[in-house]
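These protein sequence lines are chains A and B, in that order.
Quick note on full-length UniProt numbering: the first sequence kicks off at 1 and runs consecutively.
Quick note on full-length UniProt numbering: the second sequence kicks off at 1 and runs consecutively.
Positions of the beta carbon are idealized from the N, C-alpha and C atoms, including for glycine.
The structure presented is a predicted model; accordingly, all values stated were derived computationally and were not measured.
What follows is a short report on a single structure.
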Amino acid sequence: MEMETGIGRPRPRGVTDCISGLPDDLLHDILLRLRCTKAAARTGVLSRRWRSVWTRLPDFYLWSRQPVLSTSRVAIVEGALAACSAPTLRRLAIRVDNVNLPWEGVTAAHVAPWLRFASDRVAGELFLWLPDEALAGGRKEQDLDLPVFPAMRTIQIRLRRSFRLRPPPVAGGAFAALTCLGIYNGEMDGRELGSLVSSSQCPCLEELSLTVTLAAASEVAICSDSLKRLRFHVEKTRRLVVASPMLLEMHVSKAFEAGFWDSKSKTFRCPPK
Amino acid sequence: MEVDKGKGEAEETRKVAEADRDTVTLKSSDGKLFEVSKEAAARLSTVLAGMIAGGSIDDNGTDLKQIGSEALENVVDYCNKHANSIPSAALISSSISFNTAPFKEPEEWERKFVDRLSHDALFDLVEAANFLGMERLLDVTCHKISEMMKGKSPDQIREVFNIKNDYTKEELEEIRQELAWAFYDD
Numbered sequence: 001m002e003m004e005t006g007i008g009r010p011r012p013r014g015v016t017d018c019i020s021g022l023p024d025d026l027l028h029d030i031l032l033r034l035r036c037t038k039a040a041a042r043t044g045v046l047s048r049r050w051r052s053v054w055t056r057l058p059d060f061y062l063w064s065r066q067p068v069l070s071t072s073r074v075a076i077v078e079g080a081l082a083a084c085s086a087p088t089l090r091r092l093a094i095r096v097d098n099v100n101l102p103w104e105g106v107t108a109a110h111v112a113p114w115l116r117f118a119s120d121r122v123a124g125e126l127f128l129w130l131p132d133e134a135l136a137g138g139r140k141e142q143d144l145d146l147p148v149f150p151a152m153r154t155i156q157i158r159l160r161r162s163f164r165l166r167p168p169p170v171a172g173g174a175f176a177a178l179t180c181l182g183i184y185n186g187e188m189d190g191r192e193l194g195s196l197v198s199s200s201q202c203p204c205l206e207e208l209s210l211t212v213t214l215a216a217a218s219e220v221a222i223c224s225d226s227l228k229r230l231r232f233h234v235e236k237t238r239r240l241v242v243a244s245p246m247l248l249e250m251h252v253s254k255a256f257e258a259g260f261w262d263s264k265s266k267t268f269r270c271p272p273k
Numbered sequence: 001m002e003v004d005k006g007k008g009e010a011e012e013t014r015k016v017a018e019a020d021r022d023t024v025t026l027k028s029s030d031g032k033l034f035e036v037s038k039e040a041a042a043r044l045s046t047v048l049a050g051m052i053a054g055g056s057i058d059d060n061g062t063d064l065k066q067i068g069s070e071a072l073e074n075v076v077d078y079c080n081k082h083a084n085s086i087p088s089a090a091l092i093s094s095s096i097s098f099n100t101a102p103f104k105e106p107e108e109w110e111r112k113f114v115d116r117l118s119h120d121a122l123f124d125l126v127e128a129a130n131f132l133g134m135e136r137l138l139d140v141t142c143h144k145i146s147e148m149m150k151g152k153s154p155d156q157i158r159e160v161f162n163i164k165n166d167y168t169k170e171e172l173e174e175i176r177q178e179l180a181w182a183f184y185d186d
């Protein structure tokens with residue numbers, strides 16, 4: 001009897017479907033290793049058993065590496081997110097490279113719903129990698145609203161250079177779980193940037209990497225009780241002030257003046273050269 | 001007092017001897033016995049670790065009624081090979097970055113280990129690894145199965161795994177349309 005139900009039960013060799021009978025979590029373990037949600041989604045046509053297995057995967061990897069029509073790149077992301085039926089994802093990775101991509105390819109209007117999806121449905125890691133065009137000259141600036149991410153631990157986003165990232169209004173718990181944040185390319189307001197990454201919005205932030213341009217030359221003040229590592233390459237920074245008692249490592253460039261706010265002496269101190 | 005003390009010591013010695021055995025014996029559903037390194041079994045299988053810690057290991061063969069002898073032989077073989085292998089640097093590092101999924105790549109010997117398995121043996125091993133809570137073996141076997149799917153069309157995948165297409169023509173048409181985005185070339 002046990003042999004009939006257990007693992008290793010006899011089955012006609014070579015003609016049996018060994019895979020469709022596996023439980024969903026094992027099929028997920030297998031499909032996740034394709035590291036490509038598009039390939040996983042194609043298994044939906046195999047048979048009825050497979051129709052919705054991929055839609056409940058906990059990690060979504062949406063890449064598009066080869067030169068294809070730009071409209072289909074957006075369609076891949078939109079199609080996959082629309083079909084996703086997992087209540088919560090651990091990981092969402094979207095990468096759209098810039099091979100043959102016309103400027104109109106991916107706009108802030110395309111990206112905003114992806115971020116809102118991540119805000120609602122992802123508790124863990126968000127990677128969003130957009131094309132890195134060399135110059136944004138003459139491009140029309142586009143506002144991109146950053147939603148709140150109360151359950152996200154890691155956010156790494158590379159924007160298009162003409163996107164201006166607008167953080168949500170200061171509110172408790174907006175980034176309550178965030179420990180690692182990277183923002184690359186794109187524009188931000190100096191005051192909004194400082195406020196976004198400080199403890200009031202990001203109470204657990206430990207690693208911060210910024211390679212953005214300020215909309216206008218200004219000061220950036222970061223006040224964090226948790227920050228350990230900072231990479232700050234923000235163009236048009238007049239002065240960077242960091243008040244962060246936990247800080248272990250700091251790399252700064254493109255800031256006219258940078259230093260620490262010493263809360264004891266209430267003075268601004270530049271690091272020794 | 002004297003007698004009690006002696007008895008206690010004998011009990012203690014027996015326990016030590018049991019704990020000192022560096023293998024455990026596992027019994028498959030069809031009654032075959034297999035010896036496996038206790039250290040490796042406890043390290044690689046959460047279920048076996050629990051049984052060892054909880055003292056529910058039987059010297060005459062711990063019953064694993066869910067697992068047939070062929071699958072259990074592969075499990076034991078894997079554990080014993082693992083006990084003798086030195087993990088590479090790649091195995092130890094587990095940093096998560098944008099381009100890497102949070103899975104550890106199989107070692108060379110692990111690839112060879114699953115490559116030599118028949119189709120049926122591979123799937124039995126996946127289920128056994130799952131049943132025994134063997135995360136690493138599950139990694140290796142699932143990786144192998146995913147490799148068998150990579151770069152293949154749905155027709156080719158059906159052929160590899162003997163999957164019967166039970167959609168009607170109309171249903172298939174409908175789902176192909178739903179998933180049109182997943183069939184864009186890239």
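Subject >> Neighbourhood of residue 274 (chain A) by C-beta, 6 Å cutoff - its chain only, sequence neighbours within 5 removed >> reply: Chain A is shown from 1 up to 273; residue 274 (chain A) falls before or after that span and cannot be answered.
**OP:** Return the residues of the segment 139-160 of chain B that lie within a Cβ-Cβ distance of less than 7 Å from chain A, sorted by chain order.
**Re:** CYS142, HIS143, ILE145, SER146, MET149, LYS150, PRO154, ILE157, ARG158
**OP:** Pull up the distance between the alpha-carbon of LEU208 (chain A) and that of LYS104 (chain B), whole angstroms please.
**Re:** Taking the first residue of the first sequence as position 1, residue 208 (chain A) is located at position 208. Taking the first residue of the second sequence as position 1, residue 104 (chain B) is located at position 104. C-alpha separation (whole angstroms): 26 Å.
Original post:
Closest by CA to ARG33 (chain A), which one among A:GLY21, A:ARG161, A:ARG48, A:PHE60?
Top reply: Here residue 33 (chain A) refers to the residue found at position 33 of the first sequence. Closest by alpha carbon: A:PHE60.
Subject >> Pick from B:MET149, B:HIS82, B:ARG21, B:GLY31 that is closest to GLY55 (chain B), judged by C-alpha positions >> reply: Stepping through the second sequence from its first residue, residue 55 (chain B) is reached at position 55. Among B:MET149, B:HIS82, B:ARG21, B:GLY31, the Cα nearest to that of GLY55 (chain B) belongs to B:ARG21.
**OP:** Consider the Cβ of THR43 (chain A): report whether some Cβ of chain B lies at a distance smaller than 8 Å.
**Re:** Here residue 43 (chain A) refers to the residue found at position 43 of the first sequence. Yes, because at least one Cβ of chain B sits closer than 8 Å to the Cβ of THR43 (chain A).
Original post:
Can you tell me the Cα-Cα spacing of ALA82 (chain A) and ARG42 (chain A), whole angstroms?
Top reply: As a position in the first sequence, residue 82 (chain A) is number 82, starting the count at 1. As a position in the first sequence, residue 42 (chain A) is number 42, starting the count at 1. Approximately 15 Å between the Cα atoms of the pair.
Subject >> Cβ-based neighbour list, TRP63 (chain A), same chain, cut-off 6 Å, excluding 5 preceding and 5 following >> reply: Locating residue 63 (chain A) in the first sequence gives position 63, counting from the first residue. The answer, listed in chain order, is ARG95.
Subject >> Beta-carbon contacts of PHE117 (chain A) that lie in its chain and below 7 Å, excluding the five residues immediately before and after >> reply: What you label residue 117 (chain A) is simply residue 117 of the first sequence in a count that begins at 1. Only LEU81 meet the Cβ criterion.
Original post:
Considering only the beta carbon of each residue, do PRO168 (chain A) and PRO147 (chain A) sit closer than 8 Å?
Top reply: The sequence position of residue 168 (chain A) within the first sequence is 168, counting from 1. The sequence position of residue 147 (chain A) within the first sequence is 147, counting from 1. Yes, these two residues count as a Cβ contact at 8 Å.
Subject >> Secondary structure of ALA174 (chain A), DSSP reduced to three states >> reply: Along the first sequence, one-based indexing puts residue 174 (chain A) at 174. Three-state DSSP puts ALA174 (chain A) in coil, outside helix and strand.
Original post:
How about ASN162 (chain B) and THR16 (chain A): do their beta carbons lie closer than 8 Å?
Top reply: Locating residue 162 (chain B) in the second sequence gives position 162, where the first residue counts as 1. Locating residue 16 (chain A) in the first sequence gives position 16, where the first residue counts as 1. Yes.
Original post:
Mapping DSSP to helix, strand and coil, what is PHE113 (chain B)?
Top reply: What you label residue 113 (chain B) is simply residue 113 of the second sequence in a count that begins at 1. Of the three classes helix, strand and coil, the one that applies to PHE113 (chain B) here is helix, per DSSP.
Subject >> Beta-carbon contacts of LEU115 (chain A) that lie in its chain and below 6 Å, excluding the five residues immediately before and after >> reply: As a working note, residue 115 (chain A) is residue 115 in the first sequence. Cβ neighbours of LEU115 (chain A) beyond the five flanking positions: PRO147.
Original post:
For ASP17 (chain A) and chain B, any beta-carbon pair shorter than 8 Å?
Top reply: Counting from 1 along the first sequence, the entry for residue 17 (chain A) is found at position 17. Yes - at least one Cβ of chain B is within 8 Å of the one on ASP17 (chain A).
Subject >> Rounded C-alpha distance that separates ARG56 (chain A) from ILE30 (chain A) >> reply: As a first step, residue 56 (chain A) is located in the first sequence; it is residue number 56 there, counting from the start. As a first step, residue 30 (chain A) is located in the first sequence; it is residue number 30 there, counting from the start. The alpha-carbon atoms of ARG56 (chain A) and ILE30 (chain A) are separated by roughly 13 Å.
Subject >> Continuous beta strand (DSSP E) stretch holding ILE183 (chain A): start and end >> reply: The residue labelled residue 183 (chain A) in the question sits at position 183 within the first sequence. From DSSP, the beta strand (DSSP E) with ILE183 (chain A) extends over 180-188.
Original post:
Is CYS79 (chain B) helix, strand or coil when you go by DSSP?
Top reply: Within the second sequence, numbered from 1, the residue matching residue 79 (chain B) stands at position 79. Three-state result, CYS79 (chain B): helix.
Subject >> Boundaries of the beta strand (DSSP E) in which ILE7 (chain A) is found, first to last residue >> reply: On the first sequence, position 7 is the one that residue 7 (chain A) refers to. Note, ILE7 (chain A): premise wrong, no beta strand (DSSP E); not H, not E.
**OP:** Check whether the Cβ atoms of THR213 (chain A) and LYS228 (chain A) lie closer than 8 Å to each other.
**Re:** In the first sequence, residue 213 (chain A) corresponds to position 213, counting from 1. In the first sequence, residue 228 (chain A) corresponds to position 228, counting from 1. Not in contact: THR213 (chain A) and LYS228 (chain A) (Cβ atoms no closer than 8 Å).
**OP:** Alpha carbon to alpha carbon, how far is CYS18 (chain A) from PHE183 (chain B)? Give it in angstroms, no decimals.
**Re:** Counted from its first residue, the second sequence places residue 183 (chain B) at position 183. Counted from its first residue, the first sequence places residue 18 (chain A) at position 18. Approximately 25 Å, taken between the alpha carbons.
Subject >> Interface partners of ASP29 (chain A) on chain B, CB under 7 Å >> reply: The residue given as residue 29 (chain A) occupies position 29 in the first sequence. Within 7 Å Cβ-Cβ: LEU138, CYS142.
**OP:** Going by DSSP, name the residue or residues bridged to ARG164 (chain A).
**Re:** For the purposes of this step, residue 164 (chain A) is taken as the residue at position 164 of the first sequence. Beta-bridge pairing links ARG164 (chain A) to A:ASP143, A:GLU187.
Original post:
Is the shortest distance between the beta-carbon of ILE183 (chain A) and the beta-carbons of chain B less than 8 Å?
Top reply: Here residue 183 (chain A) is taken as the residue at index 183 of the first sequence, counted from 1. For ILE183 (chain A), the answer is no, since every Cβ of chain B falls outside 8 Å of its Cβ.
Original post:
Tell me which same chain residues have a C-beta within less than 7 Å of the C-beta of SER200 (chain A), skipping the five on either side of it?
Top reply: In the first sequence, counting from the first residue as 1, residue 200 (chain A) sits at position 200. For SER200 (chain A), where only same-chain residues beyond five positions count, the Cβ hits under 7 Å are VAL170.
**OP:** Identify the contact partners of ALA123 (chain A) in chain B, using a Cβ-Cβ distance below 9 Å as the criterion.
**Re:** Residue numbering aside, residue 123 (chain A) sits at position 123 when the first sequence is read from its first letter. Correct list: empty, because the minimum Cβ distance to chain B is about 15 Å.
Original post:
Quick one, which of A:ALA86, A:ILE157, A:PRO23 has its alpha-carbon nearest GLU127 (chain B)'s?
Top reply: Here residue 127 (chain B) is taken as the residue at index 127 of the second sequence, counted from 1. If we check each option's Cα against that of GLU127 (chain B), A:PRO23 comes out closest.
Original post:
What residues in its chain sit with their C-beta under 6 Å from that of PHE113 (chain B), if we drop five residues either side in the sequence?
Top reply: As a working mapping, residue 113 (chain B) is identified with position 113 in the second sequence. Contacts found: none.
Original post:
Could you give the residue range of the beta strand (DSSP E) that holds GLU207 (chain A)?
Top reply: Residue 207 (chain A) sits at position 207 when you count from the first residue of the first sequence. From DSSP, the beta strand (DSSP E) with GLU207 (chain A) extends over 207-223.
Original post:
In chain order, what residues of the same chain lie with their CB nearer than 6 Å to the CB of MET134 (chain B), ignoring the 5 residues before and after it?
Top reply: Residue 134 (chain B) sits at position 134 when you count from the first residue of the second sequence. For MET134 (chain B), where only same-chain residues beyond five positions count, the Cβ hits under 6 Å are LEU44, SER45.
Original post:
Buried or exposed: GLU192 (chain A), going by 16 or more other Cβ atoms within 10 Å of its Cβ?
Top reply: Residue numbering aside, residue 192 (chain A) sits at position 192 when the first sequence is read from its first letter. Under this definition GLU192 (chain A) is a buried residue.
**OP:** With DSSP as the reference, label VAL96 (chain A) as helix, strand or coil.
**Re:** Taking the first sequence and counting its residues from 1, one reaches residue 96 (chain A) at position 96. The answer is strand: DSSP assigns VAL96 (chain A) an E or B state.
Original post:
Just curious, the beta strand (DSSP E) that ARG238 (chain A) is in, first and last residue?
Top reply: Locating residue 238 (chain A) in the first sequence gives position 238, counting from the first residue. Per DSSP, ARG238 (chain A) belongs to the beta strand (DSSP E) from 229-243.
Subject >> Neighbour flag for PHE34 (chain B) against chain A, beta carbons, 8 Å >> reply: Here residue 34 (chain B) is taken as the residue at index 34 of the second sequence, counted from 1. By this cut-off, PHE34 (chain B) is not an interface position.
Subject >> Same chain, Cβ closer than 6 Å to ALA174 (chain A), five either side skipped, listed in chain order >> reply: Your numbering for residue 174 (chain A) matches position 174 in the first sequence. The answer, listed in chain order, is VAL148, PRO168, GLN201.
Original post:
In chain B, what lies closer than 7 Å to LYS38 (chain A) by C-beta?
Top reply: For the purposes of this step, residue 38 (chain A) is taken as residue 38 along the first sequence, with counting starting at 1. Chain B residues near LYS38 (chain A): ALA182.
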